[in-house]
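In what follows, a structure is listed as structure tokens, so that the remarks can point back to it.
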Amino acid sequence: MKVFINPGHCPGIDPGAVNNELGITEADIVHDIGTRVTDYLDKAGCEVSLLQSDNLYYDGEGECVVAAANKWAADVFVSLHCNAFNGTAKGTETCIYKLNSDSERLGRCIQDQLVNSLGTIDRGLKERPGLVVLNATTMPAALVEIAFIDNADDAGILMNCKNAIARAIARGVTDYLSGK
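Take any residue in the sequence shown, count from 1 to its spot, add 731: that is its number in the working numbering.
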């Protein structure tokens, strides 16, 4: 099976959410986690493509992640992100195009593995049909908001549990692919 991993944002171009107190950026955190997810899925026998790019909507520098995933004919698409809000919100949520779909099943598999492995607050699945990585991909897709980078507890998880996060995401993907 072909799995496309998209760490959100792009180091040096678009940092995404930032925790200035800890000196961490969403782009760097999810790049590290995405690389680890790729390794775990590769070891599980999946064919994996990883692309981190800030180019989602336009013809600019870099490859458009949606076009790349569609052209490669991936079986699933997973975009990795860190949430941010007000410093007190915390937990894990997974965004999908719509409920009652293969994307919901993919999102549920990943969400369950992350929450059960990390002990984060389960913020559930969220329908987000306006996100291009969910509405323009031709395969089941999920955008995973791993934890809140601006919350001290969640930031600690993001910094110190990268292997556990990556293993949980990879298990979620393989659960989906095996029909669990």
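The C-beta atom is built at its ideal place from N, Cα and C for all residues, glycine as well.
Straight-line gap, residue i to residue j (C-alpha atoms, nearest Å)
i	j	result
proline 871	valine 904	11 Å
leucine 874	glycine 776	22 Å
threonine 823	valine 734	21 Å
arginine 854	alanine 804	30 Å
glycine 910	glutamate 794	31 Å
asparagine 751	alanine 886	11 Å
leucine 856	glutamine 842	8 Å
cysteine 840	alanine 798	25 Å
valine 749	methionine 732	34 Å
serine 784	isoleucine 736	11 Å
Residues that residue i bridges to, as DSSP identifies them
i	result
alanine 873	Val809
aspartate 745	Cys741
threonine 825	Leu856, Val875
asparagine 891	For asparagine 891, which the question treats as bridged, DSSP gives no partner whatsoever.
lysine 733	Glu778
isoleucine 755	Asn750
glutamate 814	For the sequence presented, residue 814 should be read as asparagine rather than glutamate. Asparagine 814 is bridged to Phe879.
Cβ-Cβ separation, residue j to residue i (assumed contact under 8 Å), whole Å
i	j	result
leucine 845	isoleucine 877	7 Å
leucine 849	isoleucine 760	Actually they do not touch by this definition, with Cβ atoms about 14 Å apart.
glycine 765	leucine 811	5 Å
glycine 739	glutamate 757	7 Å
tyrosine 907	leucine 837	5 Å
Whether residue i touches residue j by CB criterion (8 Å)
i	j	result
isoleucine 900	valine 779	no
valine 864	valine 796	yes
glutamate 858	isoleucine 827	yes
Worksheet item: Within the chosen definition, does the region 864 to 883 reach the region 827 to 842 through at least 3 CB pairs nearer than 8 Å?
Response: yes
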